[in-house]
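Taking it in order: structure first as structure tokens, then the write-up.
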Amino acid sequence: MTLNRRHFIATGLATGAFLAAPTVWGQAKAKVVVIGGGAGGATCARYIAKDSEGAVEVTLIDANPIYTTCFFSNLYIGGFREFESLQHGYDKLAGAGITVINDMATAVDRAARTVTLAGGQVLPYDRLVLSPGIDFKDGSVPGWSLDAAEIMPHAYKAGPQTQLLKKMVEEMPQGGTFAMVAPPNPYRCPPGPYERISMVAHVLKATNPTAKILILDPKDKFSKQPLFEEGWGKHYDGMVEWVGPDFGGGAVEVRPDTMEVVVEGEAQKVDVCNVIPGQVAGKIAALAGVTDDSGWAPVHPDSMKAKADENIWVLGDAAAQGDMPKSAFSANSQAKVAAMAIRGELTGSKVFPAKYTNTCWSLIDTDDGVKVGASYEPTPEKIASVDSFISATGEDAALRKATYEESLGWYAGITADIFG
Ligand SMILES: Cc1cc2nc3c(=O)[nH]c(=O)nc-3n(C[C@H](O)[C@H](O)[C@H](O)COP(=O)(O)OP(=O)(O)OC[C@H]3O[C@@H](n4cnc5c(N)ncnc54)[C@H](O)[C@@H]3O)c2cc1C
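Residue numbering for the sequence shown is 171 to 590, as defined by the numbering used here.
What follows is the structure in structure tokens.
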């Protein structure tokens with residue numbers, strides 16, 4: 171059932187499974203509210219509902235009726251995917267007995283254990299799951315604010331911003347300059363900015379071969395750097411220039427009015443400017459009071475339970491958990507651990523030791539895919555990487571093609587796992 175704020179009603183009464191559901195620990199059916207219907211939240215809602223077989227009432231709140239994946243959005247910019255292929259609705263989750271509400275959660279009252287929505291509803295919970303993704307850090311790139319995002323898009327929350335950036339790349343004047351202001355750590359999808367550069371270069375090579383790409387980066391190294399640099403040299407020789415912090419990449423100001431980037435006091439005119447600002451947990455995590463000074467929400471590594479509140483779980487990008495990168499793969503993996511722990515608390519079901527995995531694929535050019543990944547286990551301090559792998563430079567074309575094809579299978583699999 172998908173509900174909007176106007177006609178929210180309790181769900182489940184029409185579902186046979188709910189009528190027959192067992193009582194939870196001798197009380198009324200336990201309530202789980204999940205804020206954020208993305209990689210972490212939708213997976214968690216789905217697994218709690220599926221595995222508790224109606225014993226737990228699950229409500230999933232997302233601001234939007236359609237979720238557009240950031241993952242593979244770079245491939246859309248590169249012309250390898252249609253925009254619609256990134257879009258997923260909540261119908262199957264609603265059909266599986268989850269109450270889906272499309273509204274913004276505006277407040278969490280931890281003492282009363284309620285969530286308030288923009289439309290005015292107040293939802294009680296026994297356990298609350300927060301998977302709100304990211305928000306941008308105010309002032310992280312001088313001269314840029316969300317008001318400037320129509321001129322200098324971030325395209326780091328997928329949707330109209332991604333479409334805008336693609337259009338700007340396609341309409342760039344011949345021989346023009348595409349600039350990216352890359353984000354500081356930690357941020358969602360460590361290889362994401364550099365896969366994006368590859369996809370922009372792929373488009374420009376075909377349509378605008380004298381164009382230049384400038385990356386202004388506050389980090390002195392970045393994810394899969396040797397693989398990307400090898401690929402840029404091989405496929406887009408001379409097109410991509412990376413400027414790290416030693417040469418001013420960490421001290422960048424932008425001027426949206428004049429389309430300039432200012433590096434160490436020197437202004438340069440550019441044609442497209444993709445600003446990916448510094449990031450923090452999605453705002454509702456801070457409103458709920460579960461974030462710390464870093465802007466992220468510390469969690470217990472064995473369950474993803476928030477350190478600040480024993481009734482709240484934080485998943486995905488918003489969580490400060492240790493070694494796992496902020497990725498959809500990680501969020502989906504964490505969500506299953508959380509779902510098991512929550513069910514265990516609410517229904518007494520068995521809870522197995524937490525194990526987590528992640529793989530991040532990136533496309534550099536047609537059939538040239540690379541990947542990085544690891545398995546993780548909880549330690550008392552953090553979620554720790556226990557073994558890892560990464561594509562090697564110099565791999566042959568057949569292996570790179572197979573790696574790309576593996577990523578297509580992953581996308582199909584994970585979106586089915588998230589949205590049913
Ligand atoms: C360009 C790019 C490429 C990427 N590529 C990959 C990749 O190849 N592989 C990979 O694994 N990951 C990739 N990622 C990262 C991945 O998209 C994120 O890490 C993942 O989506 C995080 O999941 P999440 O559940 O934390 O947040 P999200 O998936 O962002 O979901 C958060 C949801 O919460 C909702 N929300 C937030 N606040 C509220 C509120 N107050 N009320 C109601 N709803 C709210 C939002 O509408 C959103 O739907 C990429 C990211 C980018 C930007």
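Glycine included, C-beta positions come from ideal geometry on N, C-alpha and C.
A quick note: this is a predicted structure, and the numbers were derived from the prediction, not measured.
(Q) Can you list, in chain order, the residues of its chain with a C-beta nearer than 6 Å to that of E423? Leave out the 5 residues immediately preceding and following it. (A) In the sequence shown, the residue the question calls residue 423 occupies position 253. For E423, where only same-chain residues beyond five positions count, the Cβ hits under 6 Å are P312, G313, V432.
Q. Chain B beta carbons: is any one of them nearer than 7 Å to that of A437?
A. Of the chains in the structure shown, none is chain B; there is only one protein chain.
Q: Using the Cα positions of D462 and A281, report the straight-line distance between them to the nearest angstrom.
A: Residue 462 sits at position 292 when you count from the first residue of the sequence shown. Residue 281 sits at position 111 when you count from the first residue of the sequence shown. Roughly 19 Å separates the two Cα atoms.
Q) Does the Cβ-Cβ distance between K262 and G590 come in under 7 Å? A) Numbered from 1 along the sequence shown, position 92 holds the residue referred to as residue 262. Numbered from 1 along the sequence shown, position 420 holds the residue referred to as residue 590. Cβ distance < 7 Å, so K262 and G590 count as in contact.
Q) Would you call the segment 391-406 and the segment 283-301 in contact, with 3 or more CB pairs under 8 Å? A) no
Q | Spatial neighbours of A233 in its chain, beta-carbon cut-off 6 Å, leaving aside the 5 residues before and after | A | Indexing the sequence shown from 1 puts residue 233 at position 63. Closer than 6 Å at Cβ, skipping near neighbours: M274.
Q: Select from L335, P523, I383, H324 the residue whose C-alpha is nearest the C-alpha of V507.
A: The residue labelled residue 507 in the question sits at position 337 within the sequence shown. Checked all of L335, P523, I383, H324; the closest Cα to V507 is P523.
Q: Run the proximity test for S393: is its beta-carbon closer than 6 Å to any non-hydrogen atom belonging to ligand 1?
A: For the purposes of this step, residue 393 is taken as the residue at position 223 of the sequence shown. No, since every heavy atom of ligand 1 falls outside the 6 Å radius drawn around the Cβ of S393.
Q) Hey, I247 and V370 are a contact pair by Cβ (cut 8 Å); roughly how many whole angstroms apart? A) Within the sequence shown, residue 247 is the residue found at index 77, counting from 1. Within the sequence shown, residue 370 is the residue found at index 200, counting from 1. Contact flag correct, Cβ pair sits at about 7 Å.
Q. If you compare alpha carbons, which of G259, G414, P323 is closest to A586?
A. Here residue 586 is taken as the residue at index 416 of the sequence shown, counted from 1. For A586, the nearest C-alpha among the options comes from G259.
Q: Could you tell me the distance, in whole angstroms, from the CA atom of T481 to the CA atom of E341?
A: In the sequence shown, residue 481 corresponds to position 311, counting from 1. In the sequence shown, residue 341 corresponds to position 171, counting from 1. One detail in the question is off: residue 481 reads as Asn in this sequence, not Thr. Cα to Cα, the separation comes out at about 50 Å.
Q: For W466, name the three-state secondary structure that DSSP assigns.
A: Looking up residue 466 in the sequence shown gives position 296. W466 falls in the coil class under three-state DSSP.
Q. Considering only residues of the same chain and omitting the five flanking positions on each side of N502, which have a CB-CB separation below 8 Å?
A. Numbered from its first residue, the sequence shown carries residue 502 at position 332. These residues qualify, in order along the chain: A209, G210, T213, I584, D587, I588.
Q) Roughly how many angstroms separate the alpha carbons of P471 and Q491, rounded to a whole number? A) For the purposes of this step, residue 471 is taken as residue 301 along the sequence shown, with counting starting at 1. For the purposes of this step, residue 491 is taken as residue 321 along the sequence shown, with counting starting at 1. Cα to Cα, the separation comes out at about 6 Å.
Q) Which word fits K201, buried or exposed, when buried means at least 16 other C-beta atoms lie within 10 angstroms of its C-beta? A) Working through the sequence shown from its first residue, we reach residue 201 at position 31. Result: buried.
Q.
Rounded to the nearest angstrom, what separates G420 and L386 at their Cα positions?
A. Position 250 of the sequence shown, counting from 1, holds the residue named residue 420. Position 216 of the sequence shown, counting from 1, holds the residue named residue 386. Computed Cα separation, rounded: 7 Å.
(Q) Using a 10 Å radius around the Cβ and a threshold of 16 neighbouring Cβ atoms, would you call G539 buried or exposed? (A) Mapped onto the sequence shown, residue 539 falls at position 369. Label assigned to G539: buried.
Q. Can V450 and G465 be called in contact, C-beta distance under 7 Å?
A. Translated into the one-based positions of the sequence shown, residue 450 becomes position 280. Translated into the one-based positions of the sequence shown, residue 465 becomes position 295. For V450 and G465, yes; Cβs fall inside 7 Å.
Q: Take the Cβ of N244 as the centre, count every other Cβ of all protein chains shown within 10 Å, and call the residue buried at 16 or more, exposed below.
A: As a first step, residue 244 must be located in the sequence shown, where it is residue number 74. So N244 counts as buried.
Q. How is the alpha helix (DSSP H) around W402 delimited, first residue to last?
A. The residue given as residue 402 occupies position 232 in the sequence shown. Element bounds for W402: 395-405.
Q) Closest to L290 by CA distance: which of Y357, N272, G303 is it? A) As a first step, residue 290 is located in the sequence shown; it is residue number 120 there, counting from the start. The sequence given here places Gly at residue 290; Leu does not occur at that position. Of the candidates Y357, N272, G303, the one whose C-alpha sits nearest the C-alpha of G290 is N272.
Q | Same chain only: Cβ atoms within 6 Å of A349, ignoring 5 sequence neighbours per side | A | Position 179 of the sequence shown, counted from the start, is the residue given in the question as residue 349. Counting only Cβ-Cβ distances below 6 Å, and skipping sequence neighbours, we find L384, V431, V440, C443.
Q: Measure from the alpha carbon of A554 to the alpha carbon of each residue in K541, M510, P495, Y574, then state which is nearest.
A: For the purposes of this step, residue 554 is identified with residue 384 of the sequence shown, where counting begins at 1. When each option's Cα is compared against that of A554, the closest is P495.
Q. How many angstroms separate the CA atom of V351 from the CA atom of P447?
A. Walking along the sequence shown from the start, residue 351 turns up at place 181. Walking along the sequence shown from the start, residue 447 turns up at place 277. Rounded to the nearest angstrom, the two C-alpha atoms are 8 Å apart.
Q. Which residues mark the beginning and the end of the beta strand (DSSP E) in which D472 is found?
A. Your numbering for residue 472 matches position 302 in the sequence shown. Per DSSP, D472 lies in no beta strand (DSSP E) segment and is marked neither H nor E.
**Q.** Exposure label - F242; buried when at least 16 CB within 10 Å
**A.** Taking the first residue of the sequence shown as 1, we reach residue 242 at position 72. Result: buried.
Q. Do you know how far the Cα of A215 is from the Cα of A318?
A. The residue you call residue 318 lines up with position 148 of the sequence shown. The residue you call residue 215 lines up with position 45 of the sequence shown. C-alpha separation (whole angstroms): 35 Å.
Q: Evaluate K126 with the Cβ neighbour count: other Cβ atoms within 10 Å of its Cβ, from every protein chain shown; 16 or more gives buried, anything less gives exposed.
A: What the structure shows of the chain is the stretch from 171 to 590, and residue 126 is not part of that stretch, so it cannot be assessed.
Q: Please check the pair N528 and A544, which I expect to be a contact at CB under 8 Å, by giving their CB distance rounded to whole angstroms.
A: Position 358 of the sequence shown, counted from the start, is the residue given in the question as residue 528. Position 374 of the sequence shown, counted from the start, is the residue given in the question as residue 544. Between A544 and N528 the Cβ distance is about 6 Å, and since that is below 8 Å, they are a contact.
Q.
Using the three-state DSSP reduction, which class does S577 fall into: helix, strand or coil?
A. Sequence index remark: in the sequence shown, residue 577 carries index 407 (1-based). In the structure shown, S577 sits in a helix (DSSP, three-state: H, G or I).
Q: Kindly indicate which three-state DSSP category N272 falls into: helix, strand or coil?
A: Along the sequence shown, one-based indexing puts residue 272 at 102. In the structure shown, N272 sits in a strand (DSSP, three-state: E or B).
Q: Within 10 angstroms of the Cβ of P360, are there 16 or more other Cβ atoms? Answer buried if so, exposed if not.
A: For the purposes of this step, residue 360 is taken as the residue at position 190 of the sequence shown. Only buried fits P360, as 16 or more other CB atoms lie within 10 angstroms of its CB.
Q. DSSP three-state call for C240: helix, strand or coil?
A. Here residue 240 refers to the residue found at position 70 of the sequence shown. Coil, per DSSP.
**Q.** Identity of the residues DSSP links to N528 by a beta bridge
**A.** Numbered from its first residue, the sequence shown carries residue 528 at position 358. Beta-bridge pairing links N528 to A544.
Q. Among all the DSSP beta bridges, which residues are the ones paired with T347?
A. As a position in the sequence shown, residue 347 is number 177, starting the count at 1. Under DSSP, T347 shares a beta bridge with K382.
(Q) Taking the alpha carbon of G206 as the reference point, which residue from V373, S532, L287, K307 has its own alpha carbon closest? (A) As a working note, residue 206 is residue 36 in the sequence shown. With distances taken between Cα atoms, G206 lies closest to L287.
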